[in-house]
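Numbering that gives the first Met the number 0 applies: residue 0 is where the sequence shown begins, and numbers increase by one.
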Amino acid sequence: MTDDLSKKEQMAYQYAAQNKTEQAVKLLFDLIVVYAKAKNFPKAEALREKLFEVDAMALTEIIKAAEVIEEEKNIAIDRNHLDIWAELYKTLTKEESNALYFSLKTAEYGPDEVIFQQGFRNERLYFINQGQLKLIYSQSERKTLLRMVESGMIAGEDTFFFITFCTNSLITNSNVKLSYLEREDYQKWQTEFVSLASRLADYCSRLKKNYDAAGKKNFNRREHKRITVSGPIMFQVMNASGGFIGKPFKGELSDISVGGLSFFIKTASQKNALMLLGRKINVKFRFAIGKSHIDIDRTGVIIGVINHLFSDYSVHLRFDNLLSDVVVEKLGTISHVEKEPAEHPDKGAA
């Protein structure tokens with residue numbers, strides 16, 4: 000079929016060279032329709048440009064060719080993609096929607112892969128379609144989780160719309176499927192689709208305000224009064240569905256508040272320690288109060304990992320749900336946890 004189409008294309012050019020404009024226009028239009036329906040849009044667009052060169056006054060065919068291409072593009076758009084980004088696409092015209100969708104490239108990543116890195120340039124705007132990532136800020140030996148990035152969220156907007164270096168890193172936390180827009184393609188819209196460029200920038204600006212507001216809320220949760228405690232703690236990494244991954248490990252409590260806690264682990268592997276960042280874990284420990292006790296069983300997200308001397312790392316956990324103020328007040332009257340929790344996990348995290 001490809002050979003037949005190539006022969007017809009050459010025949011159209013021959014007609015044009017022989018001033019048989021009407022035949023050339025008809026053949027080029029027919030080819031545009033064939034390529035558009037085959038979803039070969041670059042070829043269809045190129046032939047439409049040729050059609051314009053052959054006869055700029057063939058307005059009926061030129062306009063109809065553009066309509067056919069746009070309609071076929073609209074049909075070809077992945078409906079799941081449209082569902083994920085419905086709030087964005089509902090602000091765009093059909094032509095703008097097609098321009099955005101067909102400018103996007105797709106990529107897939109496994110866990111713990113770097114998408115962009117602090118201190119380096121990034122010229123892509125990322126649209127997360129599936130999976131979970133973590134946005135991390137690094138300072139000296141401290142790694143801080145800024146926020147989790149999930150399906151329906153955008154990343155890289157800070158360096159995409161402004162020429163600057165990345166102030167944080169984006170790392171996958173699971174298998175991830177995403178789409179991305181190159182800055183070069185976005186810049187073309189400044190003349191071809193001015194309103195699309197503006198609407199995308201506005202959409203990203205609104206999302207960023209939401210992200211910043213959520214981040215401020217989480218930051219405020221970390222300002223709760225901390226109580227220094229000591230004693231063993233058992234923790235276990237969890238998957239996205241709430242199940243446990245691998246075996247439990249033991250750490251040493253450092254402090255606790257209604258919003259979270261921190262504990263120390265010992266591991267010779269810095270990579271293993273840093274992989275905890277952004278992970279959801281379950282923690283269990285027991286506070287003794289005379290002959291009685293308080294059992295703590297909480298889930299949360301690790302928002303910080305700090306490297307200390309001699310293979311020690313402090314792990315900072317934000318609870319999914321706040322502890323009761325009453326419980327924390329009681330903990331404030333106690334300085335240590337029972338020597339052994341109810342279960343006996345393996346020591347360390349490596």
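All C-beta atoms, glycine included, are put in the ideal place defined by N, C-alpha and C. The model shown is predicted, which means the values in this text are computed figures rather than measured ones.
Can the beta-carbon of residue i be found less than 8 Å from the beta-carbon of residue j?
| i | j | result |
| --- | --- | --- |
| isoleucine 31 | alanine 64 | yes |
| glycine 259 | phenylalanine 309 | no |
| tyrosine 210 | arginine 146 | yes |
| valine 304 | lysine 142 | yes |
| leucine 91 | arginine 198 | yes |
| alanine 239 | glutamine 131 | yes |
| leucine 144 | leucine 275 | no |
| valine 257 | leucine 322 | yes |
| isoleucine 293 | phenylalanine 234 | no |
| proline 247 | asparagine 172 | no |
Compute the Euclidean distance between the alpha carbons of residue i and residue j, then round it to the nearest angstrom.
| i | j | result |
| --- | --- | --- |
| tyrosine 88 | leucine 81 | 7 Å |
| aspartate 77 | glycine 151 | 15 Å |
| glutamate 156 | threonine 227 | 39 Å |
| alanine 106 | glutamate 181 | 13 Å |
| asparagine 219 | valine 314 | In this predicted model, asparagine 219 has a pLDDT of only 48, less than 50, meaning its place in the structure is not dependable enough to derive any value. |
| leucine 46 | alanine 23 | 11 Å |
| cysteine 165 | alanine 11 | 51 Å |
| isoleucine 135 | tyrosine 125 | 16 Å |
| alanine 212 | serine 253 | 29 Å |
| serine 5 | leucine 27 | 11 Å |
| tyrosine 14 | phenylalanine 51 | 15 Å |
| threonine 190 | tyrosine 312 | 52 Å |
| isoleucine 264 | lysine 290 | 29 Å |
| lysine 249 | glycine 299 | 16 Å |
| arginine 225 | phenylalanine 262 | 13 Å |
Where do the ends of the alpha helix (DSSP H) carrying residue i lie?
| i | result |
| --- | --- |
| methionine 274 | 269 to 274 |
| proline 231 | Looking at the DSSP string, proline 231 is not in any alpha helix (DSSP H); the run it does join, the beta strand (DSSP E), is 231 to 236. |
| histidine 80 | 78 to 83 |
| phenylalanine 51 | 40 to 53 |
| glutamate 70 | 58 to 75 |
| asparagine 97 | 93 to 100 |
| glutamate 8 | 1 to 16 |
| alanine 35 | 20 to 36 |
The beta strand (DSSP E) that contains residue i, what's its start and end?
| i | result |
| --- | --- |
| glutamate 181 | 175 to 181 |
| glutamate 149 | 141 to 149 |
| alanine 106 | 104 to 108 |
| isoleucine 305 | 291 to 306 |
| glutamate 251 | 248 to 255 |
| lysine 265 | 259 to 265 |
| isoleucine 350 | Beyond the ends of the chain as shown, which are 0 and 349, falls residue 350; an answer cannot be given. |
Sorted by chain position, which residues of the same chain lie with C-beta nearer than 7 Å to residue i's C-beta, five sequence neighbours on each side aside?
| i | result |
| --- | --- |
| valine 113 | Ser168 and Ile170 |
| phenylalanine 101 | Phe40 and Lys72 |
| glutamate 69 | Lys93, Glu94 and Asn97 |
| leucine 195 | Leu91, Glu95, Ala98, Leu99 and Trp188 |
| glutamate 140 | Ile305 and Asn306 |
| phenylalanine 115 | Asn121, Gly155, Cys165, Ser168 and Leu169 |
Quick one: using the 10 Å Cβ neighbour count with 16 as the cut-off for buried, is residue i buried or exposed?
| i | result |
| --- | --- |
| serine 178 | buried |
| serine 268 | exposed |
| glutamine 9 | exposed |
| methionine 56 | exposed |
| isoleucine 62 | exposed |
| phenylalanine 161 | exposed |
| methionine 128 | The residue you asked about is not methionine; residue 128 is asparagine in the sequence shown. Looking at its Cβ environment, which holds 16 or more other Cβ atoms inside 10 Å, asparagine 128 is buried. |
Are the C-beta of residue i and some C-beta of chain B separated by less than 8 Å?
| i | result |
| --- | --- |
| threonine 227 | The question asks about chain B, but that chain is absent: this structure has only one protein chain. |
Is residue i near the ligand NAD, going by C-beta to nearest heavy atom under 7 Å?
| i | result |
| --- | --- |
| alanine 11 | Judged by which ligands are present, the structure shown has none, so any question about the ligand NAD falls away. |
So, for residue i: in the same chain, excluding its five sequence neighbours on each side, which residues have a beta-carbon less than 6 Å away from its beta-carbon?
| i | result |
| --- | --- |
| alanine 341 | Since pLDDT at alanine 341 reaches only 45, below the 50 mark, its modelled position is unreliable, and the value read off the structure follows with that caveat. Result list for alanine 341: empty, nothing under 6 Å. |
| asparagine 18 | none |
| leucine 206 | Ile153 |
| arginine 278 | Val236 and Ile301 |
| aspartate 54 | Thr20 and Val24 |
| threonine 158 | Asn121 and Cys165 |
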